[in-house]
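A.B. asks: Counting the sequence shown from 1 gives a position; the numbering used here is that position plus 27. For glycine and all other residues, C-beta sits at the position ideal for the given N, C-alpha and C. None of these values were measured; they are calculated from a predicted model. One structure, pasted below without further comment.
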Amino acid sequence: MWRARCMSTNVTAALGGAGAAVARRGRQADPLTASLKELTFRELAFAADTLARTRVKDRNLWSRLCDRLKPELKSVDLAHVLRVVHALAKVDYKKIALMNSVERIVLQRHAALEPRAVTQYFIDACRLEHCEPNTFQAVMLSRLGELGRFSAFDLCFLLHVAAKLRLPDRVILDAVSDEICGYPEKYEHLCKDKVLVAMVIRSLALLQHRNGLFDKLVYSRLPGCIYTFGPQEMCNVLFSLVVAFQNEKYGEELTDIVTVLLDRVAKHLKELVYIEVNQLCISLYHLRYKLEPFDPRYQAMLDDIVRLNLEFAPSTSKMQYKISRLLDDLKVRHKAEQRVGPYVMDYVLPQLQVAIEVNGYSHFYHQSTEFNAITRLKYQIVESLGWKMVSVNYFEWKNRSRQVGPAWGAIRCSEQAAVLGRAAAGATARVVTCAVAPGPGRRRRTPRRGSGAALLSTVKRSVGKLTFVVYHVECRYFPLSAFLRQSAREHASGFAARGIHPNKGLVAVLLNCPVAADGDVVAEQVRDCLVGSVAVRAGRY
């Protein structure tokens, strides 16, 4: 029976492969392709709109339609092009080549568009996750003088798009906010729509841009809207206030608003979805230190949410796997994807109470090395729970592998070598990192004489601080320094005499600190010397 089943499976696979080959050869003669060629662009745009309205989600059909539309994009009216983008957004289908072409056309010809069409394009592009911050910024800066033609609805959604793109452009945000506040009819239109009120508060809060419009909505309009909000709006507004005022002491008025929101949310807990419950959990963790005293009812609500043990699918980056390999190689005890409070951390070192986070582009504002408001709140909450945070940020390792050679060499560049020093020393330690990872084609260089001695003497001068020197070298590229080898051996033998086992790959030398007190911190990171004399980068972490 098993043999017959295998034969049947093989025959089915062969027939399927043959059928697919025939379909590929006959694609040009396919009736659908032939029919699409006979339609004009305007008719195709109408067909796309009709398919979107009827929720037809056949990806093959949409792919054929986009392939047919793309060659004619430059020669047709831009309004018809954006009509196609709107249809794609309704069915959540994205053809990258088509969207790239549309974006270039919008940059070139947006002046001919009506304000409503401009706003709708950016809304649709954000929904399809294909909206470039630079495109939005360029278009809006060129149309700042035309904001009077935008409706209140469009202006609110422009703030929403800026928040989605993590673009804290003060010129754009202030211009849009002033346009809303400066015209009573636009402000009144905003205030009449509770969804728009919640959206504008959230957008400005996520961008940490508390201007006149934000304060006016929070302190003047919000108290009257609270009792009309649905569960989703209440959770969004509560979380927005927590994010916006995370670094400030709550005044009496703000405390009243937050407590009323919490009381209202408590009555609608059963109506919340997972994302809203998670937002509420984060807010409660933070409010424990903001609301004095913290009402036992809120603590009970937090305990109930914690017992739910909400789980979200982790998104693991390549760098996380590399960090895992590095920690395994160093035999550092760690756990991956562990929950700390309301968050799931990439890695934790339980014995040291240290959490390691690999922060991608989405953790920062656009074209900035500054954490966005949500990530800053995350760090505050985790540190308030007694953990030390170590960050491996995307701009420290993104595209570095091409510069430093093999992938394993990229892992051990200075930023990654410093991770373990920071994990051991905590946020206040001084870390001096040396890294060598030349590319395969780069010729060998002989270390400069005496630079190792200069390095150690420099470090020894920082008396009274917990100081690490993390040395790293690829032995196949660099000869060893005799002085540094001897120095490291002396320190390593001192650790070994106290039962500390040296490890492979990195050498950590602990100076100016009693081994009995802090030696165990680097016990898993000490090795006999693999040291080269290299460029030194010192910094305070």
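Which of helix, strand or coil does DSSP assign to residue 178?
C.D. replies: coil
A.B. asks: In terms of residue numbering, what span does the alpha helix (DSSP H) encompassing residue 22 cover?
C.D. replies: As displayed, the chain neither begins before 28 nor continues past 568, which places residue 22 out of reach and without an answer.
A.B. asks: Please report the straight-line C-alpha distance between residue 317 and residue 276, rounded to a whole angstrom.
C.D. replies: 7 Å
A.B. asks: Which same chain residues, not among the five before or five after residue 150, have their C-beta less than 7 Å away from its C-beta?
C.D. replies: 184 and 188
A.B. asks: When you compare each of 399, 175 and 231 to residue 206 by their alpha carbons, which one comes out closest?
C.D. replies: When the alpha-carbon of residue 206 is set against those of 399, 175 and 231, the nearest one is in 175.
A.B. asks: On the three-pair Cβ rule with 8 Å, is the segment 372-388 touching the segment 336-352?
C.D. replies: yes
A.B. asks: Mapping the DSSP letters down to three states, classify residue 365 as helix, strand or coil.
C.D. replies: strand
A.B. asks: Could you check the C-alpha separation between residue 409 and residue 128 for me, to the nearest Å?
C.D. replies: 43 Å
A.B. asks: Between which two residues does the alpha helix (DSSP H) carrying residue 415 extend?
C.D. replies: Per DSSP, residue 415 lies in no alpha helix (DSSP H); the unbroken beta strand (DSSP E) holding it starts and ends at 415-420.
A.B. asks: Under a CB-based cut-off of 9 Å, is residue 187 close to chain C?
C.D. replies: Considering every chain present, this structure includes no chain C. It has just one protein chain.
A.B. asks: For residue 71 versus residue 92, is the C-beta distance shorter than 9 Å?
C.D. replies: Yes; because the gap between Cβ atoms is below 9 Å, this pair is in contact.
A.B. asks: What does the alpha-carbon distance come out to for the pair residue 131 and residue 220?
C.D. replies: One C-alpha to the other measures close to 34 Å.
A.B. asks: Whole angstroms is fine: what's the gap from residue 141's alpha carbon to residue 382's?
C.D. replies: 50 Å
A.B. asks: Between residue 97 and residue 125, how many whole angstroms is the CB-CB distance? I'm expecting something under 8 Å.
C.D. replies: 5 Å
A.B. asks: Identify every residue that forms a DSSP beta bridge with residue 386.
C.D. replies: Residue 386 pairs with 420.
A.B. asks: Report yes if the CB atom of residue 118 is closer than 9 Å to the CB atom of residue 89, and no otherwise.
C.D. replies: yes
A.B. asks: So if DSSP puts residue 17 in a beta bridge, which residue, or which two residues, is it bridged to?
C.D. replies: Because the chain in this structure spans residues 28 to 568, residue 17 falls outside the shown range and cannot be described.
A.B. asks: In terms of residue numbering, what span does the alpha helix (DSSP H) encompassing residue 285 cover?
C.D. replies: 279-293
A.B. asks: Taking only runs of the alpha helix (DSSP H) that begin and end inside the segment 290-349, which ones reach a length of at least 4 residues, in chain order?
C.D. replies: 301-314 and 323-335
A.B. asks: For residue 36, which residues of its own chain have a beta-carbon under 6 Å away from its beta-carbon, when the five flanking residues on both sides are left out?
C.D. replies: Residue confidence for residue 36 is low, a pLDDT of 36 falling below 50, so the modelled location carries little weight; the figure read from the coordinates is stated next. Excluding five sequence positions before and after residue 36, none of the CB atoms of its chain fall closer than 6 Å to its own CB.
A.B. asks: With DSSP collapsed to three states, give me the class of residue 210.
C.D. replies: coil
A.B. asks: Quick one: what does DSSP say residue 202 is sitting in, helix, strand or coil?
C.D. replies: helix
A.B. asks: Find the nearest neighbour of residue 165 within the set 147, 237, 196 and 156, judged by alpha-carbon distance.
C.D. replies: Of the listed residues, the one whose Cα sits closest to residue 165 is 196.
A.B. asks: How would you write the range of the alpha helix (DSSP H) that residue 148 sits in, first residue to last?
C.D. replies: First-last of the alpha helix (DSSP H) with residue 148: 142-154.
A.B. asks: Go through its chain and collect everything with a Cβ distance to residue 347's Cβ below 6 Å, but skip five positions before and after it.
C.D. replies: 373 and 385
A.B. asks: Within 10 angstroms of the Cβ of residue 198, are there 16 or more other Cβ atoms? Answer buried if so, exposed if not.
C.D. replies: Its Cβ having fewer than 16 others within 10 Å, residue 198 is exposed.
A.B. asks: Distance check for residue 214 and residue 315, CA to CA, integer angstroms please.
C.D. replies: 34 Å
A.B. asks: What's the C-alpha gap between residue 434 and residue 397?
C.D. replies: Low per-residue confidence applies at residue 434: pLDDT is 35, beneath 50, and the placement is therefore not dependable enough to give any value.
A.B. asks: Give the range of the alpha helix (DSSP H) segment to which residue 406 is assigned.
C.D. replies: 400-411
A.B. asks: For residue 369, is the classification buried or exposed, using 16 other Cβ atoms within 10 angstroms of its Cβ as the cut-off for buried?
C.D. replies: buried
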